[in-house]
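Going letter by letter, the sequence shown gives residues 387 to 704 in the working numbering. Glycine is no exception: its CB is placed at the ideal position from the N, C-alpha and C atoms. Bear in mind that the values here come from a model prediction, so they are computed numbers and not experimental data. To start, the structure itself, in structure tokens.
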Amino acid sequence: MNSEVVFDNIISSIESAKRVLILTHESPDGDAVGSSLGMYIALRGLKKDVDVVIDEYSWVFNFLPYIDEVKREASGEYDLVIVLDCATRKRLYDPSGIVDKSRLVISIDHHASNNYFADYNYVEGNSPAASQVIIKVLKRLGVSLTKEICECLIAGIITDTGGFRFSTVNDDTFEFAAKILDLGVNISDIYIRVFQTKSKAQFRLGQIANSRLELLYKDKIAFTYITLADEKKCKALKGDHEGIVNVGQSIEGVEVSVFLHECDKGFKVSLRSNNSIDVARIAELFGGGGHVNASGCLIEDSLDNVKNMVIKEVKRAL
387 MNSEVVFDNI ISSIESAKRV LILTHESPDG DAVGSSLGMY IALRGLKKDV
437 DVVIDEYSWV FNFLPYIDEV KREASGEYDL VIVLDCATRK RLYDPSGIVD
487 KSRLVISIDH HASNNYFADY NYVEGNSPAA SQVIIKVLKR LGVSLTKEIC
537 ECLIAGIITD TGGFRFSTVN DDTFEFAAKI LDLGVNISDI YIRVFQTKSK
587 AQFRLGQIAN SRLELLYKDK IAFTYITLAD EKKCKALKGD HEGIVNVGQS
637 IEGVEVSVFL HECDKGFKVS LRSNNSIDVA RIAELFGGGG HVNASGCLIE
687 DSLDNVKNMV IKEVKRAL
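See the structure below:
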């Protein structure tokens, strides 16, 4: 089924649905939160009975409109489930198991690694953010892009493009940014809130990670980590580790930055590359995924083993 037919089916499915559930991936980033809220506000405007369920997210997104209406679990039955910014069923946050018993599931995404797990899958693998893909969907639905919707979507775009730094940014990205200025959206304020506002705990975690930072393989690889003990010591909240991987990426000569973040199941691995190294392929080796320049995975093993396994594959890629 070609993409145009799939897109048409997704639009008609949304139009005919009365009760809708919006889901996204676990450990949500700004694009997951922004795209989900943007869609939620839009569907409310279309008089849909809609719920949005998101895993525990970073406090930095608390400024987004309608964030207080986010639920941690779904309840009841839905005509339609919309999955946003999620490449695989494995990564989906769905604690109630709604997807497995739903009549119709659609996926709207921008990960080239998407494995098309839904009934209808619309994936623009060259788009910088799921939030940008959604703009096309909302326009086709006849939704007027309000200030509140646009604040959510631009937050998603800003976070997934590293503040418009990644090569996936295109003409449509800047055209959208230019248009929403007329709606009174303060893009610079959103950028500051997402990237430049740090809690004391976040600052202290960064200090710890910086003190451990190593340059490996002729200084082409930057590596660091934080543990659960570090987070407890700093009284860190959810998401306070975000951005640490970018420190290594900013060092002259570094081609790949590797950051390990301990969780209850093992270590979450964040990978960033500055050039043509496809870190998504590295993450996929360990059951993860993402984008050419930004990806991640979860490895259930010890710190030393995870470090050795990941660095070995990064060296192979280099």
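If you pair each beta-carbon of the stretch 655-665 with each one of the stretch 674-684, do three or more pairs fall below 8 Å? yes
Between Ala563 and Asp687, what straight-line distance do the alpha-carbon atoms span, to the nearest angstrom? 42 Å
Could you check how far apart the C-beta atoms of Ser444 and Lys651 are, in whole angstroms? I think they sit under 8 Å. Their Cβ separation, rounded to whole angstroms, is 19 Å, which puts Ser444 and Lys651 out of contact at 8 Å.
Determine the contact status of Ile544 and Val580, defining contact as a CB-CB distance below 8 Å. A contact, by the Cβ cut-off of 8 Å.
Using only CA atoms, which one of Phe393, Asp435, Cys538, Ala595 lies nearest to Tyr577? Cys538
CA-to-CA distance, Ile520 to Leu531, given in whole angstroms: 11 Å
Does the Cβ of Val631 have 16 or more other Cβ atoms within 10 Å, making it buried, or fewer, making it exposed? buried
Quick check on DSSP: helix, strand or coil for Ala515? coil
If you drop the 5 nearest sequence neighbours on each side, which residues of the same chain put their C-beta closer than 6 Å to that of Leu524? Ala428
Would you kindly work out how many angstroms separate the C-alpha atoms of Val392 and Asn507, rounded to a whole number? 7 Å
What did DSSP end up calling Ile520 once you bin it into helix, strand or coil? Correct three-state label for Ile520: helix.
How would you label Pro481, buried or exposed, when you count the other beta carbons within 10 angstroms and need 16 or more for buried? exposed
Buried versus exposed call for Tyr603 [16 or more other C-beta atoms within 10 Å across all chains shown]: exposed
Which residue comes first and which comes last in the beta strand (DSSP E) that contains Phe449? Premise fails: Phe449 is in no beta strand (DSSP E) and is neither H nor E.
Out of Cys620, Leu599, Phe609, Asp486, state which residue places its alpha-carbon closest to the alpha-carbon of Leu591. Cys620
Give the single residue among Glu390, Leu646, Ala703, Leu407 whose Cα lies nearest to the Cα of Leu671. Ala703
Measure the CB-CB distance between His497 and Gly673 and report whether it falls below 8 Å. no
Phe552 by DSSP, collapsed to three states: which one? In the three-state DSSP reduction, Phe552 falls in the coil class, being neither helix nor strand.
Buried/exposed call for Leu478, threshold 16 Cβ in 10 Å: buried
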